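Chains as they are written, first to last, in this note's numbering: chain A, 1 to 113; chain B, 1001 to 1113.
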């Protein structure tokens, strides 16, 4: 398996634009997580899905952020409109079940100017 | 709320030394603990996962121990090599909020030849 695949690897966008980050989890994994990493706050969970259903979205910072998982092999994290303070590295991770070993993608480095 | 602390924040050692990285957590009711490695500009690589019922796990030159009652875990790296240079992160899953990983800020390790 190729592991968790995220795209794009880098994204530079202007403030106010919509940004969509994509993730393909490891095949057969039932849980998918979106994390954000910043120098100030470290790694924080934004949302996680179990069997394509959002279970915990308490980490989503505000309504500008939304995440979907239309099927077991694909998820998106959307920011609309984007702001400079959204600049961070966004990681997607998956695991067999919610509490087993988590495997991370390479991340998307988002810069909002 | 679960707080995860890693000490030291940075460590620089000569090649060949045995070293210990520390992780402490405030809520001892954890489900499991996972150690990760992060190389600059890369994603997280899972190193070891310890279930709450276990005391330690070993993988090659790495040994991780867990003392739930005192809220501590250590990652022991034997015979360190320059290739071990990276940031090491520990993360716990609480029993009460299954699925969510709570991360420490990491220990940045440099092993010089």
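Backbone N, C-alpha and C fix where the C-beta goes; we use that ideal spot for every residue, glycine too.
Since the structure is predicted, the reported quantities are computational estimates derived from the model, not experimental observations.
Query: Inter-stretch contact (C-beta, 8 Å, three-pair minimum) for the segment 1-9 of chain A and the segment 57-76 of chain A; Result: no
Query: Backbone CA spacing between residue 1090 (chain B) and residue 1104 (chain B) [nearest angstrom]; Result: 6 Å
Query: Nearest residue (CA-CA) to residue 69 (chain A), options A:18, A:24, A:2 and A:11; Result: A:24
Query: Neighbouring residues, chain A, relative to residue 1021 (chain B) (Cβ below 7 Å); Result: Here the premise fails: no neighbours, minimum Cβ distance about 16 Å.
Query: Pair within 8 Å by beta-carbon distance, residue 1047 (chain B) and residue 1038 (chain B); Result: no
Query: Chain-ordered neighbours of residue 65 (chain A) on chain B, where CB pairs are closer than 9 Å; Result: By Cβ distance, chain B contributes nothing, its closest Cβ being about 17 Å from residue 65 (chain A), past 9 Å.
Query: For residue 48 (chain A) and residue 31 (chain A), believed in contact at Cβ under 8 Å, the rounded distance; Result: 6 Å
Query: Partner residues on chain A for residue 1103 (chain B), Cβ-Cβ distance less than 7 Å; Result: 42 and 43
Query: Nearest-angstrom Cα separation, counted from residue 16 (chain A) out to residue 80 (chain A); Result: 7 Å
Query: For residue 57 (chain A), the three-state DSSP class (helix, strand or coil); Result: coil
Query: CB contact below 8 Å: residue 62 (chain A) versus chain B; Result: no
Query: Rounded straight-line distance, which links the Cα of residue 71 (chain A) to that of residue 33 (chain A); Result: 14 Å
Query: Nearest-angstrom Cβ-Cβ length linking residue 88 (chain A) and residue 36 (chain A), presumed shorter than 8 Å; Result: 5 Å
Query: Simplified DSSP state of residue 86 (chain A), which is helix, strand or coil; Result: helix
Query: First through last residue of the beta strand (DSSP E) which encompasses residue 10 (chain A); Result: 10-13
Query: Residue(s) in a DSSP beta bridge with residue 1062 (chain B); Result: B:1059 and B:1077
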